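**Student:**
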Amino acid sequence: MEYAYHIKAKKKSGDKDAFIWFSASSDNAAVNKYNYLMDESGLNPDNYFKPLRTDLPVVDDLPAEGEFDTTWCDKYQLEGDNGTTWFLKSPNEQPEPTPSVPENVPPVSSGSHRENFGKLSTEVRVLAVMRHGFKVIDQLLTKEEIDTLLTIAMDTDNPDFRYEQDFLQAVRLPAFSHMSTPRFASVIAGIARQCPKGSKFGTLSGIREFTNNLLNRHSSSADPERFKITIALLVMGVDPMHAKAADVRNAKELVSLREPAWVAWYGDLSLIPGIENFEELELYEITLGGMKNLKLIHDDIARAKFIRDRFLGHPMLPLYTAEKVEDTRDNADDSPPMQTVDTEHTAVTAGVEHIDEEKLPDTVETEKSPDTVCFSSPNQDVSPDLTDLKKVFDRSPLAHLAQPVTLGEPGEPGEPEGVQRCTSTWPGCFEPGRYADLPNEVYHAANGISSTMLKDARISLLWYHCRHVAKTIVKEESKALSSGSLVHVLALQPEMLEAEFNIEPILPEGALTTSASLKTAIEAWNTSLPPGVSTEDIQARIIAWNESQRQPFPLGADVTETGMLYGMLPPEFQTIPAEQKHTGAALKAAIKQYNATLPPLLKTSGSREELLSTLEAIEPQFVLAERQRPQPEKTSGNKEDLIATVKRIRPDAVIADELIAAWKGCEDGRTLVTQAQMRNAKSLQAALFAHPSAGPLLKHANRENEVSYFGIDEDTGLEIRVRPDAEITLGNLRIGMDLKTISMWNIKQEGLRAKLHREIIERDYHLSAAMYSDVAQFDQFFWIFINTDPDYNWIAIIEASSDLLELGRLEYRKALRDIDAAYASDCWPAPVTEEYTDELTDYDFRRLETLRKAEGELQ
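In full-length UniProt numbering, the protein residues as written are 1 to 859.
(1) Which partner residues does A18 have in the DSSP bridge list?
(2) Could you tell me which residues DSSP puts in a beta bridge with M737?
(3) Assuming R131 and F184 form a contact by the criterion Cβ under 8 Å, report the distance between their Cβ atoms to the nearest whole angstrom.
(4) Would S743 be called buried (16 or more neighbouring beta carbons within 10 Å of its own) or exposed?
(5) Looking only at DSSP bridge pairs, what is T716 linked to?
(6) Which value, in whole angstroms, describes the spacing of the CA atoms of D844 and G751?
(7) Note down, in chain order, each residue of its chain lying with its Cβ closer than 7 Å to the Cβ of P196, except the 5 sequence neighbours on either side.
(8) What is the rounded straight-line gap between the Cα of V129 and the Cα of W663?
(9) Could you tell me the distance, in whole angstroms, from the CA atom of S230 to the CA atom of Y3?
(10) Helix, strand or coil for S199 per DSSP?
(11) Rounded to the nearest angstrom, what separates Y792 and A754 at their Cα positions?
(12) To which residues of the same chain is N595 closer than 8 Å at the C-beta, ignoring the five residues directly before and after it?
(13) Please report the residue range of the beta strand (DSSP E) in which V263 lies.
(14) List the DSSP bridge partners of F501.
(15) Going by DSSP, what residues sit across from I655 in a beta bridge?
(16) Roughly how many angstroms lie between the CA atoms of E706 and A245, to the nearest whole one?
(17) Quick check on DSSP: helix, strand or coil for N546?
(18) Give the secondary structure of S693 by DSSP, where H, G and I count as helix, E and B as strand, and everything else as coil.
(19) Does the separation of the CB atoms of L78 and H6 fall below 8 Å?
(20) Going by other Cβ atoms of all chains shown within 10 Å of its Cβ, with 16 needed for buried, is H488 buried or exposed?
(21) Give the DSSP-derived three-state secondary structure of G428 in the structure shown.
(22) Quick check on Q165: buried or exposed, where buried means 16 or more other Cβ atoms within 10 Å of its Cβ?
(23) Would you give the residue range spanned by the alpha helix (DSSP H) that R703 belongs to?
(24) My parser needs the alpha helix (DSSP H) runs of 4 or more residues fully inside the stretch 577-601; what are they?
(25) Which class does W72 belong to by DSSP, given the choice of helix, strand or coil?
(26) By a C-beta neighbour count over all protein chains shown, 10 Å radius and 16 as the cutoff for buried, is D713 buried or exposed?
(27) Go ahead and label E610 buried or exposed: buried means 16 or more other beta carbons lie within 10 angstroms of its beta carbon, across all protein chains shown.
(28) In three-state terms, what does DSSP make of E633?
(29) Start and end of the alpha helix (DSSP H) containing R131?
(30) May I ask which residues mark the beginning and end of the alpha helix (DSSP H) holding R650?
(31) Determine the extent of the alpha helix (DSSP H) in which G563 is found, giving its start and end residues.
(32) Measure the C-alpha to C-alpha separation of D764 and L756 and round it to an integer number of angstroms.
(33) Quick check on the burial criterion: 16 or more other C-beta atoms within 10 angstroms. Buried or exposed for A499?
(34) Is Q77 helix, strand or coil by DSSP?
(35) Between the Cα of V59 and the Cα atoms of D39, W86, M38, which residue gives the shortest distance?
(36) Let me check one thing: in DSSP terms, what residues is S708 bridge-paired to?
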């Protein structure tokens with residue numbers, strides 16, 4: 001396979017841009033070969049940007065293989081939407097031989113070629129780009145070539161075309177049907193380069209995975225929120241392409257807290273035009289050195305110089321010029337920062353995003369028509385609908401601002417000082433009608449009897465009174481209810497996940513989880529300490545001091561020896577008169593008197609601490625320094641003691657117990673969700689979106705979630721309210737839906753429908769459906785049941801029949817009449833109010849008859 005590269009020279013180097021091409025067996029081999037050729041050429045790699053792979057041009061003056069040509073860019077330049085196709089410069093700049101063109105291509109303008117190419121079928125276009133590369137869109141395919149490509153596309157059984165068939169199946173996505181011709185060709189050519197035939201990526205799964213990653217990365221590269229998180233990851237020293245879920249969460253927190261490091265780097269980098277489209281991996285490599293330099297956080301001039309030296313002249317940033325640098329600097333100094341309005345959740349999209357630790361938005365392409373916007377989603381298998389921009393704008397907070405907002409470059413005249421987010425105030429008492437985007441806490445505290453309250457009344461009016469009138473009983477949320485709410489949010493309102501649920505943190509790499517890991521950390525810290533003074537060294541110091549002192553005289557073995565020792569005493573201690581007899585006792589007394597005046601010798605035995613205390617008397621500074629030296633910590637004790645020790649010696653250590661305790665102790669009102677629950681909920685979400693019937697309903701462009709309706713019961717005059725999970729309006733047809741989670745792993749298939757019916761009746765789902773249909777005026781109502789047992793996720797979609805709705809309607813109206821009568825009489829009866837006699841059921845009666853008969857036969 002041939003590889004061609006454009007090597008952009010840095011301006012400060014003074015070198016010219018270079019071009020090289022060569023053959024290699026794989027991408028990895030190409031990288032190694034490029035590095036080898038660069039070393040052999042004598043060029044300085046530091047003077048050039050990262051090489052940009054381009055299409056291999058077909059011209060007569062192509063340089064020799066493996067040679068760097070610094071004159072190539074004088075004759076040719078990169079053009080096209082993808083910027084990887086070489087074109088000859090205009091004649092007034094450089095008259096050189098033109099690229100060779102096949103003889104069977106007539107001289108038609110490239111615009112006509114591209115228009116004709118766009119009219120071909122998707123399969124033919126894909127195969128043509130695979131064979132000829134991006135340049136095929138500016139050529140005219142012959143009839144023979146088109147027939148050949150059609151044969152390959154239709155011959156699904158030929159093993160020789162297995163790679164082509166896998167490629168066609170992998171790229172059969174809605175996103176390609178909305179691409180312009182140049183972008184379509186550039187994306188297909190890029191996939192073909194990265195997933196060549198015979199490579200480990202040249203399989204169906206490999207091509208599909210790379211395609212999805214490429215489309216998701218391309219669609220989200222220009223997202224301002226993602227760019228903010230990317231900069232936060234760079235500040236943390238994390239490669240965005242390999243960021244873990246915990247890294248993304250930490251990055252979001254860093255952005256929300258507006259850490260000084262993030263503010264400094266984001267403020268400068270965001271001023272570079274086109275930086276949002278920059279490849280994240282290359283952005284990480286270019287800025288890594290600067291992010292590690294803490295001085296650049298506070299030194300604005302040095303930071304600006306770092307950014308200018310590395311990004312100015314980069315081929316991916318054609319609009320970032322020296323003049324733009326000066327303009328940007330002036331605007332940054334003189335104009336207030338641009339304010340943004342959060343229009344999240346205001347546009348209607350045709351798809352629902354999957355929830356992952358890193359959230360990728362859907363792609364949006366604007367066509368030439370100014371009145372429509374086309375939305376595409378990787379989760380959508382149908383053609384996207386067209387949405388009226390006026391309707392989208394009417395639902396946006398921008399349409400309700402008190403003053404007009406001028407959006408433009410920072411520093412433009414007329415820019416408002418700030419744009420306040422539009423906030424809604426809800427009435428204390430809701431009138432009958434439809435209310436969208438009503439917060440949960442507002443709806444549950446609003447006036448009116450809900451279907452849940454009616455179900456409590458059907459248990460007993462006393463239970464209803466205790467729950468909703470006297471409010472002496474507070475019903476705690478069960479684990480099953482929390483799990484159902486989690487699945488509900490993931491399937492219908494994924495944007496509300498973090499607001500309603502506190503997800504268990506993922507332990508970062510290196511977290512200390514067990515007592516053994518805590519002991520290992522302490523032992524490693526002990527090993528890293530510099531060795532202290534040994535007991536032998538302390539003894540040697542004491543002995544040396546003892547030897548430097550005047551030594552006491554021995555008393556001698558006999559009178560003669562004692563007399564000789566007495567004669568060695570200083571004159572002032574030779575106190576025995578000469579005429580007096582020198583007895584042994586007198587001599588020894590004089591020696592003892594002398595020895596008593598000498599300083600005592602220090603003890604040279606004992607433990608290390610005792611010897612240190614002894615040495616302290618003669619070398620206090622040495623002992624003080626030794627005792628201030630960090631001492632090894634004990635590795636024994638219970639887990640709490642070990643944790644306290646680790647926190648003392650390694651304040652930055654992540655301790656799993658503390659992390660989990662902080663998560664459990666968080667009292668922000670959100671529901672705690674473990675990682676196991678999250679994994680199961682995501683599998684349920686994926687099953688719902690992949691279901692052929694539930695998926696289109698949950699991802700429908702006209703679907704609305706959690707719309708609140710308030711009304712008045714005609715019979716009793718009581719206020720009522722409903723809030724269906726989702727609704728879809730198609731012209732005059734209104735469809736309501738409720739998502740329900742169940743666990744029926746042990747129910748046999750033959751009895752499953754009967755079990756589901758009992759589930760609907762026993763839990764009064766039919767009552768809620770009838771109430772929804774009456775108040776919200778639904779024409780049809782569906783339940784979407786999903787089984788939540790791990791790895792056994794099946795889905796049942798059940799429509800409420802007219803008879804079932806009528807039964808529910810009569811039951812909920814009776815419950816309302818009972819509640820109205822209880823309010824009027826202030827009598828709230830218990831479920832059992834009178835004595836009764838327990839009678840046998842039919843089954844029990846038949847058992848009785850059988851036993852009676854058996855008893856009679858025995859007699």
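We put the CB at the ideal spot given by N, CA and C, even for glycine.
For clarity, every value in this text was computed on a predicted model and none was experimentally measured.
**Tutor:** Looking at the atomic coordinates:
(1) Counted from its first residue, the sequence shown places residue 18 at position 18. Answer is I7, bridged to A18.
(2) The residue given as residue 737 occupies position 737 in the sequence shown. Per DSSP, A726, F782.
(3) Within the sequence shown, numbered from 1, the residue matching residue 131 stands at position 131. Within the sequence shown, numbered from 1, the residue matching residue 184 stands at position 184. R131 to F184, Cβ: 15 Å. No contact.
(4) On the sequence shown, position 743 is the one that residue 743 refers to. With fewer than 16 Cβ atoms within 10 Å of its Cβ, S743 is classed as exposed.
(5) Here residue 716 corresponds to residue number 716 of the sequence shown, with the count starting at 1. Its beta-bridge partners do not exist; DSSP assigns none.
(6) One-based indexing of the sequence shown puts residue 844 at position 844. One-based indexing of the sequence shown puts residue 751 at position 751. Straight-line Cα distance between these residues: approximately 24 Å.
(7) Within the sequence shown, residue 196 is the residue found at index 196, counting from 1. Excluding residues within five positions, the ones whose Cβ falls inside 7 Å are M1, G202.
(8) Against the sequence shown, residue 129 aligns to sequence position 129. Against the sequence shown, residue 663 aligns to sequence position 663. Between V129 and W663, the C-alpha separation is close to 52 Å.
(9) The residue you call residue 230 lines up with position 230 of the sequence shown. The residue you call residue 3 lines up with position 3 of the sequence shown. At residue 230 the sequence reads Thr, which differs from the Ser that was named. Cα-Cα distance, rounded: 30 Å.
(10) Against the sequence shown, residue 199 aligns to sequence position 199. Coil, per DSSP.
(11) In the sequence shown, residue 792 corresponds to position 792, counting from 1. In the sequence shown, residue 754 corresponds to position 754, counting from 1. Rounded to the nearest angstrom, the two C-alpha atoms are 19 Å apart.
(12) As a working note, residue 595 is residue 595 in the sequence shown. These residues qualify, in order along the chain: P552, F553.
(13) As a position in the sequence shown, residue 263 is number 263, starting the count at 1. Where V263 is concerned, there is no enclosing beta strand (DSSP E), although the alpha helix (DSSP H) it sits in stretches over 260-269.
(14) Within the sequence shown, residue 501 is the residue found at index 501, counting from 1. F501 is bridged to T671.
(15) By one-based count along the sequence shown, residue 655 stands at place 655. Answer is L512.
(16) Within the sequence shown, residue 706 is the residue found at index 706, counting from 1. Within the sequence shown, residue 245 is the residue found at index 245, counting from 1. C-alpha separation (whole angstroms): 29 Å.
(17) Sequence index remark: in the sequence shown, residue 546 carries index 546 (1-based). Reduced to three states, the DSSP call for N546 is helix.
(18) For the purposes of this step, residue 693 is taken as residue 693 along the sequence shown, with counting starting at 1. In this structure, S693 counts as coil in the three-state DSSP scheme.
(19) Reading the sequence shown from its first residue, position 78 is the one you call residue 78. Reading the sequence shown from its first residue, position 6 is the one you call residue 6. A contact, by the Cβ cut-off of 8 Å.
(20) Numbered from its first residue, the sequence shown carries residue 488 at position 488. The residue in question, H488, is buried, as its Cβ has 16 or more Cβ neighbours within 10 Å.
(21) Counting from 1 along the sequence shown, the entry for residue 428 is found at position 428. Three-state result, G428: coil.
(22) What you label residue 165 is simply residue 165 of the sequence shown in a count that begins at 1. Q165 should be labelled buried.
(23) Along the sequence shown, read from residue 1 onward, the residue named residue 703 stands at position 703. Looking at the DSSP string, R703 is not in any alpha helix (DSSP H); the run it does join, the beta strand (DSSP E), is 703-705.
(24) 584-596
(25) Your numbering for residue 72 matches position 72 in the sequence shown. Residue state, collapsed to three classes: helix.
(26) Here the question's residue 713 lines up with position 713 in the sequence shown. Its Cβ being crowded by 16 or more others within 10 Å, D713 is buried.
(27) For the purposes of this step, residue 610 is identified with residue 610 of the sequence shown, where counting begins at 1. Exposed, since its Cβ has fewer than 16 Cβ neighbours within 10 Å.
(28) Taking the sequence shown and counting its residues from 1, the one referred to as residue 633 is at position 633. Coil, per DSSP.
(29) Your numbering for residue 131 matches position 131 in the sequence shown. 122-132 is the extent of the alpha helix (DSSP H) around R131.
(30) Within the sequence shown, residue 650 is the residue found at index 650, counting from 1. It is not in any alpha helix (DSSP H) - R650 carries neither H nor E in the DSSP assignment.
(31) Translated into the one-based positions of the sequence shown, residue 563 becomes position 563. First-last of the alpha helix (DSSP H) with G563: 559-567.
(32) Numbered from its first residue, the sequence shown carries residue 764 at position 764. Numbered from its first residue, the sequence shown carries residue 756 at position 756. Computed Cα separation, rounded: 12 Å.
(33) Reading the sequence shown from its first residue, position 499 is the one you call residue 499. It counts as exposed.
(34) Working through the sequence shown from its first residue, we reach residue 77 at position 77. Of the three classes helix, strand and coil, the one that applies to Q77 here is strand, per DSSP.
(35) Along the sequence shown, one-based indexing puts residue 59 at 59. Looking at the Cα atoms, W86 is the closest of the given residues.
(36) Mapped onto the sequence shown, residue 708 falls at position 708. Looking at the DSSP assignment, S708 forms a beta bridge with Y435.
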